[in-house]
Amino acid sequence: ESLMRLPICFGMALKTRDKCKKIAERLNGKDHCFVLGKGYGEPVAMEGALKIKEMCYLHAEGYSGGALKHGPFALIESDENGKQGATPIIMLIFDDDHAHHMRTAAEEVKARGADVIIITDKKSLAEGLDDDPLVIPSNGPLTALGAVLPIQLLAFELAMLRNINPDTPRNLAKAVTVD
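Residues in the sequence shown are numbered consecutively from -7, following my numbering.
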């Protein structure tokens, strides 16, 4: 059933483009960011970070929300002490078994001064953390897959702001050859 709904969910996720442009403006001028997810959201976070890195030349790291204390915490800067302002952290928080843990992680990074950007399927999960979250349709076990599109749109919009052609990324081959 979730598989059958994917085209509709992707169509609905495309409606986040204007918000993605605004978020891209917040990321422009930054040197690094983090994308955090847990469960099905973890591979989406890693792929999202890779897209941002390849398309925008912004150092982006995808992490499990459970590995927060093993890296991202040390690099979070607030507006007051950061050379570039608050560190942007994109959080994938879905209405699933990991929602509580991811929300707690978002509270922890926000308390340390991070600029928290939330992609969710349930707006109330972003309450008090992000005033204008990117809300995608809920689609059961495939909800996280719907978050791929807004992250790609965000990377595209950021590439445009940085005058980078996302179709010709620097130092990347379009095809892999095997010798």
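Beta carbons: idealized from backbone N, C-alpha and C, even for Gly.
All values reported here derive from a predicted model rather than from experimental measurement.
{"query": "Is the number of C-beta pairs between the segment 9 to 17 and the segment 50 to 66 that are closer than 8 Å three or more?", "result": "no"}
{"query": "Would you call the CB atoms of M83 and I44 closer than 9 Å?", "result": "no"}
{"query": "Are E100 and A16 close, meaning C-beta to C-beta below 9 Å?", "result": "no"}
{"query": "Would you tell me roughly how many angstroms separate the C-alpha atoms of L(-5) and S56, rounded to the nearest one?", "result": "25 Å"}
{"query": "State the DSSP-derived secondary structure class of V108, mapped to helix, strand or coil.", "result": "strand"}
{"query": "Excluding sequence positions up to five away, which residues of its chain have a Cβ less than 7 Å from the Cβ of C48?", "result": "A147, L150, A151, R154 and I156"}
{"query": "Would DSSP call V170 helix, strand or coil?", "result": "coil"}
{"query": "Based on the DSSP secondary-structure assignment, which residues constitute the bridge partners of A66?", "result": "The partner list for A66 (beta bridge, DSSP) is empty, contrary to what the question assumes."}
{"query": "Can you tell me whether R162 is buried or exposed? The criterion is at least 16 other CB atoms within 10 Å of its CB, across all chains shown.", "result": "exposed"}
{"query": "Hey, how far is the Cα of A41 from the Cα of G3?", "result": "22 Å"}
{"query": "Skipping 5 residues on each side, what residues in its chain have a beta carbon closer than 6 Å to that of M94?", "result": "K30, G57 and I85"}
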